[in-house]
Amino acid sequence: MEVMGRESRSPRFGGPGGAATQEGPEGHVLLTQLGGRVSSAQGLVASNLNLKPGECLRVRGEVAPDAKSFVLNLGKDNNNLCLHFNPRFNAHGDTNTIVCNSKDGGAWGAEHREPGGGRGLEICVSFDQTDLTIKLPDGHEFKFPNRLNLEAINYLAADGDFKIKCVAFE
Numbered sequence: 001m002e003v004m005g006r007e008s009r010s011p012r013f014g015g016p017g018g019a020a021t022q023e024g025p026e027g028h029v030l031l032t033q034l035g036g037r038v039s040s041a042q043g044l045v046a047s048n049l050n051l052k053p054g055e056c057l058r059v060r061g062e063v064a065p066d067a068k069s070f071v072l073n074l075g076k077d078n079n080n081l082c083l084h085f086n087p088r089f090n091a092h093g094d095t096n097t098i099v100c101n102s103k104d105g106g107a108w109g110a111e112h113r114e115p116g117g118g119r120g121l122e123i124c125v126s127f128d129q130t131d132l133t134i135k136l137p138d139g140h141e142f143k144f145p146n147r148l149n150l151e152a153i154n155y156l157a158a159d160g161d162f163k164i165k166c167v168a169f170e
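Next up, the structure:
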């Protein structure tokens, strides 16, 4: 997996196998995770992302053929998530559905459901004071309310049977 963003970012990553950083093209910081797949037993966690309103966090990866679901969480920390992005292929009574939610101080909000569930995935998440905009590779785009009114997204966590190939800040 590689991570690209402005040099001013100093993200911290945890997860399977550790990580190595190097300077990439045009002054981007590249991070390569040694280990590859994110699974429910060992997820990727990144902090200090400093994603600002109007910027896009692009995550590209592949979903295993037998996957039931996976999760991408974005926010301040694990207890304060502005976006819990949970594509469900066949889990929790949902089939080919994207479930979005937020968590404020450890308390979950109301779920929002969108049709979807492709096996290849590249999403772009951007936000402003009122909404997060989620763009999917098939051209589908939807908004989810920024219930926490975050001024920056500093936390990313991934879990489930999903192989992250690249995370980029644009």
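Numbered per the UniProt record's numbering, the sequence shown spans residues 1 to 170. Think of the CB as a built atom: it goes at the ideal place given N, C-alpha and C, for glycine as much as any other residue.
Residue state for CYS56 is assigned as coil, using DSSP reduced to three classes. Nearest in C-alpha terms to ASP66, of all of ARG88, GLY75, LEU72, is ARG88.
In the structure shown, the three-state DSSP call for GLU141 is strand.
The Cβ atoms of ASN73 and ALA152 lie no closer than 7 Å to each other. Nearest to ASN86 by C-alpha distance, out of LYS52, VAL63, GLY106, is VAL63. Distances from the CA of ASN78 to each of LYS163, ALA158, ALA168, CYS166 were compared; the closest alpha carbon is that of ALA158.
Of the other Cβ atoms in all chains shown, 16 or more fall within 10 Å of the Cβ of ASN146; this residue is therefore buried.
Between LYS68 and ASN154, the CB-CB gap reaches or exceeds 7 Å.
Collapsing the DSSP output to three states places PHE162 in a strand. Around the Cβ of LYS165, a 10 Å sphere holds fewer than 16 other Cβ atoms; the residue is exposed.
DSSP places ASN80 within a strand segment (E or B) once states are collapsed to three. Counting C-beta atoms within 10 angstroms of its own C-beta, THR95 has fewer than 16 neighbours from the protein chains shown and is therefore classed as exposed.
Taken atom to atom, the span from the alpha-carbon of ILE134 to that of GLY105 is near 23 Å. For ASN101, the uninterrupted beta strand (DSSP E) run begins and ends at 97 to 104, by DSSP. Per DSSP, reduced to three states, the secondary structure at ASN48 is coil, with no helix or strand assignment.
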